[in-house]
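First comes the structure, then the notes that go with it.
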Amino acid sequence: MAERCAVVGVGQTLLRSKRDDVSIPGLVREAAKAALADAGVGWDDIDAVVIGKAPDMFEGTMMPELSLAPALGAVGKPMFRVHTAGSVGGSTALVAAHLVAAGIHERVLTVAYEKQSDSDAMWALSVPQPFSAPLLAGAGGYFAPHIRAYMRRSGAPEHIGRIVAVKDRLNALKNPYAHLHLPDIDLKMVEESVMLWDPLRYLEACPSSDGAAAMVLASEGALGSPAFPPAWVHGMAMRSEPTMFAGRDQVSPRAGRECVADVFGQAGVTRPREQIDVAEVYVPFSWYEPMWLENLGFAEPGEGWKLTESGATAMDGDIPWNCSGGVLSSNPIGASGMLRFLEAAMQVRGQAGEHQIDGARLALGHAYGGGSQFFAMWVVGAAKP
Amino acid sequence: MSDGDVLVANHVLDYPYARSVGPVLGAFFTALSEGRIVGVEGSDGAVIVPPTEYDPLTGEDVGELRDVGPGGVVTAWSWQVAPGRKHHLDHPFAWALVRLDGATTAMLHVVDAGDPGAMATGMRVTARFRPPAERRGHVLDLEAFVPEPDGGGR
Amino acid sequence: MSGAEAGTQPVTVLETPIHLDYVFTPGIAQSIFLRGLARGVFLGQRCPTCGKVYIPSRGSCPVDGVATDEVVELPDTGIVTTYCVVNVPFAGQAVEIPYTCAQVLLDGANISFMGLIQEVPADQVRMGMRVEAVWVPPDELGPSLASVKYFRPTGEPDALYESYEEYL
Amino acid sequence: MSAPARRPVAVVSFAQARNVRREASRNEVELLMPVVSEVFAAIGASKDDMGFICSGSTDYLVGGPFSFVTALDAVGVWPPRAESHVEMDGAFALYEAWVLMQEGAIDAALVYSFGRSSPGDVTEILALQLDPYVTAPLWPSPVALAALQAQALIDAGEATEEELAEVAARNRSAARANPNAQVVSDASPEELLADEYVVAPLRRHALPPITDGAAAIVLAAGEKAREWRERPAWITGIDHRIETHALGCRDLTRSPSTALAAERAGLFEGPPVDLAEVHAPFAHQELIVRRALELGDAVTVNPSGGALAANPVMSAGLIRIGEAAARIWAAESERAVAHATSGPCLQQNLVCVLDASDGAVVGGGA
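Residue numbers (this note's numbering), protein chains in the order written: chain A, 1 to 385; chain B, 386 to 539; chain C, 540 to 707; chain D, 708 to 1073.
Next up, the structure:
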């Protein structure tokens, strides 16, 4: 019963630590208008708007879809707001895609954003509540122990994280939208950066960014005349598991494994490393690349770090990951997941510019959130499914 | 455990958000700090107040800024019998939609009318600004609207 | 057309402080755990379906979605499953850096929680290390994990990796 | 217009917490757990039957981020499930589930919502829904804005204070039959008019109560629905629309978004409804929504007592759908409409048409 759905327009803002030149409506419009222009459509051509962002406390705006509706041309239309923690940018795109796939709408605008500089992301992520445990570790302290567990489990040497940190920042130099542009980045610079949460160094962690992403999704009958060929949705899936439970595998969560099995199943992918040309995967800390390589089935358990070490995930490798620079180079939290989905679409549309993988035909977009318990993924392709 | 054993504590959510406002709202707040009110031309020529970067009905880009007010007409109102602790006036006042002279749309603000008997839909009001030294580029630089003398209040 | 008068600074940033007051309750199950801490004991709760012991329990077994009604007193001892060394200063930090934060799995519990490790140099903390809780003095005990001053090594042999691997 | 045929999906189970002024002991997980348990038990289903889970809530009610994350522990999403969350009323979570079910792969879904309005000052909190630059810094409460709307209605000659009192009296009297209602009263409209103004022209009785609550619904498709419920409440159409945020650009006496959503949901096609559950937190809003839905005098409106009898923020809309569906199960209604609203002065509205027959399923879309 599902209809075909394609990305026909993409737009993103310049991603920066502080976008103090714009308001929140200005920020979301910058992305949305770029997506409309890319799709060759106007506000009137949009049937519905689906918006996502992380906690409202980042900007001190409750249910901001209400005040942003007119800024996104949504008056008289359905306006929908998704919030699934860090995976929200991905799950927002999925809700929009389902509206097309279910045959409800012909053309949907989806937008995700975060304007973290209106407050302080570290505060907003962990607002202290009464009786809560003393703040022992800070934000990265939640993830660092899981990274250590991965190192123990896989026997990965400690320089692997540094390889990812350098690779993604070099890729970011080819992406004009990326927040971090570090032309002098190298293994030594990462190694000499401050140790934050041992084993995690400063340059192995993501920045805090302002930014927005937007896409126009269309049904087969409403593709219009976009500037680039459509990126067809070949599969989409989301999965959640409890945040904390006895015996939970936090290094390679089952929800991630089942989500990717679902999305690859829909897309007919049985050998991801061979069939997927390029992947945009949510890697906020360097070590999450080898961890997700295993979780997503690109490598056998315990072998992900070897793939990273071999250079397979670099732009000239056989399975490039995060050619855009990824979350390690830009992290507007609510938009980060959508940027992964969007960059995957850009690759198969051939519009990624300097960070384009020539001839990319099938791409994975991945987002996860919270304590690695929420996952959203899609596979997009140049060919009609 | 009985319910009486359940712990309870006060919790405060407090943050001094600092919002970049962009060009259009920036012009509005700058004007307020100068004791003026500006709107913006919408996609069909309507003058929108407060100004937004987009037409509030169509989403299209807006045109030039336009001076409006300081007088205007109340198009709807309600009476705050007892001010809340967040309100900037310490005595009863009216909430009102005020369509400023030269504007097409009405803006929400308060009318410091003293008594609900002084309020009526269609009455004329005018802006009362804070003294220049107290202005800070904020919507409350316009402290309140007040009834114009013989402005049609009951 | 209006323009800024001479001398007026264009407004680029708007400050809008937000202050909201709440009356907070952690709920019935967490109150049991917190009241235990105020007495210097760890109180976990067992899921009637899967039998796993949660500490703290938020009221339900996250796997089975049923209330964890049975209260289980747990000992002060357990193991470090994994850890990190904190080298970064941040607001609200209570301890001088560098220090070790560990996931501590109490004996008899099926879930770990984060605790501070002291009385051992940061570079000597190990996965599987046996630790015990050091409580604050009785007159400082309260309904908070702050009642646990820190965990310290017991000196017992480390737990085998296989014994706690499923809790990573 | 004729919309494409939809897959028949029905509301087959509904549960809600008893609505109270203050749930002082239980946290969100503890509030929700028995509701989820009840919504499954009522039809002999379990979480393992659910192909999708979707919830609605807002962090600002508890004053901390990610409140929906811990709430999920009330369900027990293990093994992992397809699951999502909207920072909207649960009625919109139901919409998302309905959309996914249209694609045919999912036969049953759990929808839930929760919220305690008592921990903070909900009138201050809801001011944060307003544009953060020029409106929220004035801290207008939802009551102040609703009062503007009520005055506009009165000025237009379309309502009187007496009529608002009649609406309040009827809803709270009807609530006598609702075991989960919070505010019930047999006071006459004349007695209610002795109430003080809170923000004139709204008197105390025209305001919703402050409510802590939670609700859950199970949706099922086709044969699965008939297996669980002898007389399922089929969703024959569902749609939602939003208006501009700027109050000064709206005609506050009308609800065009409700009317448009109703049209797209097929409300005005086929036989008229005999029952409506409308989400009108303020008495005068019932008059506006009735007009937008074109409800005649023969229609029973809010037999549950509506939001004037209990208004658990983030759940009150979902509860309207559950209450309407329950009337269809009980053969007290053949065709019903449920309505949910969000935002100041009815800015955003959802309309869901429920039918005892799964005939022409229409609606939604552009």
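All C-beta atoms, glycine included, are put in the ideal place defined by N, C-alpha and C.
Collapsed DSSP secondary structure at residue i in the structure displayed
{"i": "S825 of chain D", "result": "coil"}
{"i": "V283 of chain A", "result": "coil"}
{"i": "S324 of chain A", "result": "coil"}
{"i": "R107 of chain A", "result": "strand"}
{"i": "S541 of chain C", "result": "Bear in mind that a pLDDT of 41 at S541 of chain C, under 50, signals an unreliable position, so the model cannot answer this."}
{"i": "F143 of chain A", "result": "helix"}
{"i": "I357 of chain A", "result": "coil"}
{"i": "N1056 of chain D", "result": "strand"}
{"i": "A529 of chain B", "result": "strand"}
{"i": "Y767 of chain D", "result": "helix"}
{"i": "F264 of chain A", "result": "helix"}
{"i": "D452 of chain B", "result": "strand"}
{"i": "V719 of chain D", "result": "strand"}
{"i": "A1073 of chain D", "result": "Caution applies to A1073 of chain D, whose pLDDT of 44 falls short of 50 and renders its modelled position unreliable; the value that the coordinates give is listed next. Reduced to three states, the DSSP call for A1073 of chain D is coil."}
{"i": "F581 of chain C", "result": "strand"}
{"i": "V88 of chain A", "result": "helix"}
{"i": "P565 of chain C", "result": "coil"}
{"i": "L738 of chain D", "result": "helix"}
{"i": "E993 of chain D", "result": "helix"}
{"i": "A253 of chain A", "result": "First, the residue type needs correcting, since residue 253 of chain A is Pro and not Ala in the sequence shown. DSSP places P253 of chain A in coil when its eight states are reduced to three."}
{"i": "S732 of chain D", "result": "coil"}
{"i": "V782 of chain D", "result": "coil"}
Contact list for residue i against chain A, beta-carbon separation under 7 Å
{"i": "E705 of chain C", "result": "G247"}
{"i": "T490 of chain B", "result": "Here the premise fails: no neighbours, minimum Cβ distance about 12 Å."}
{"i": "L554 of chain B", "result": "Absent from the structure is residue 554 of chain B, since the part of chain B shown begins at 386 and ends at 539."}
Beta-carbon neighbours of residue i, restricted to chain C and to distances below 9 Å
{"i": "P145 of chain A", "result": "T620, T621, Y622, C623, C640, A641, Q642, M653, L707"}
{"i": "P290 of chain A", "result": "Within 9 Å Cβ-Cβ: nothing; P290 of chain A doesn't reach chain C, min ~15 Å."}
{"i": "A734 of chain D", "result": "First, the residue type needs correcting, since residue 734 of chain D is Asn and not Ala in the sequence shown. Correct list: T564, P565, G566, I567, A568, Q569, R597, G598."}
Under 8 Å by beta carbon: chain A residues contacting residue i
{"i": "T437 of chain B", "result": "P25, P70, A71"}
{"i": "T555 of chain C", "result": "G60"}
{"i": "H396 of chain B", "result": "Q129, P130"}
{"i": "F773 of chain D", "result": "P55, A85, G370"}
{"i": "P587 of chain C", "result": "Simply none; closest approach about 14 Å."}
{"i": "T943 of chain D", "result": "Chain A residues near T943 of chain D: none, gap ~15 Å exceeds 8 Å."}
Amino acids of chain C, ordered along the chain, whose beta-carbon sits closer than 7 Å to that of residue i
{"i": "W287 of chain A", "result": "Ordered by position in chain C, no residue passes the 7 Å Cβ test against W287 of chain A, which lies about 12 Å from the chain."}
{"i": "A149 of chain A", "result": "T621, L707"}
Residue i at chain E interface by Cβ criterion, 8 Å
{"i": "R404 of chain B", "result": "Of the protein chains in this structure, namely A, B, C and D, none is chain E."}
Cβ distance (whole Å) where residue i is taken to contact residue j below 8 Å
{"i": "A884 of chain D", "j": "S1022 of chain D", "result": "A884 of chain D to S1022 of chain D, Cβ: 20 Å. No contact."}
{"i": "V8 of chain A", "j": "V216 of chain A", "result": "5 Å"}
{"i": "Y400 of chain B", "j": "G60 of chain A", "result": "6 Å"}
{"i": "I917 of chain D", "j": "V850 of chain D", "result": "About 11 Å; that fails the 8 Å criterion."}
Interface partners of residue i on chain D, CB under 9 Å
{"i": "L493 of chain B", "result": "L837, V841, T842, L845, P847, L852, L855, A953, L954, G955"}
{"i": "H523 of chain B", "result": "P844"}
{"i": "F563 of chain C", "result": "V769, G770, G771, P826"}
Residue i: contacting residues in chain A (beta-carbon distance under 9 Å)
{"i": "D780 of chain D", "result": "P242, T243, M244, F245"}
{"i": "T443 of chain B", "result": "W43, D44, P70, G73, V75"}
Interface residues of chain D facing residue i [CB-CB closer than 7 Å]
{"i": "S91 of chain A", "result": "S791"}
Would you check if the region 612-632 of chain C and the region 270-282 of chain A touch, i.e. whether three or more CB-CB distances between them fall below 8 Å?
no
Give the list of continuous alpha helix (DSSP H) stretches no shorter than 4 residues that lie fully inside the region 864-932 of chain D.
868-881, 896-899
Which full runs of the beta strand (DSSP E) of 3+ residues lie inside the region 202-249 of chain A, going along the chain?
210-219, 231-240
What are the complete beta strand (DSSP E) segments, minimum 3 residues, inside the region 490-523 of chain B?
492-496, 509-514
Using a Cβ distance threshold of 8 Å, determine whether the region 73-85 of chain A contacts the region 790-799 of chain D, with at least three qualifying pairs required.
yes
Just checking, does the region 588-606 of chain C make contact with the region 625-635 of chain C on the three C-beta pairs under 8 Å criterion?
Between the region 588-606 of chain C and the region 625-635 of chain C there are fewer than three inter-stretch CB-CB distances shorter than 8 Å, so the stretches are not counted as touching.
For the region 855-874 of chain D against the region 804-817 of chain D, do three or more pairs of beta-carbon atoms, one drawn from each stretch, fall closer than 8 Å, so that the two count as touching?
no
Does the region 420-434 of chain B come into contact with the region 795-808 of chain D, if we say contact requires no fewer than three beta-carbon pairs (one atom in each stretch) closer than 8 Å?
no
Is the region 42-56 of chain A close to the region 91-108 of chain A, with three or more CB pairs under 8 Å?
yes
Pick out the complete alpha helix (DSSP H) segments inside the region 581-665 of chain C, 4 residues or longer, and give them in chain order.
none
Complete alpha helix (DSSP H) runs within the region 966-1023 of chain D (minimum length 4 residues, chain order):
990-999, 1013-1016
I want to know whether the region 349-363 of chain A touches the region 276-286 of chain A - three or more CB-CB distances under 8 Å.
They touch, by the three-pair rule.
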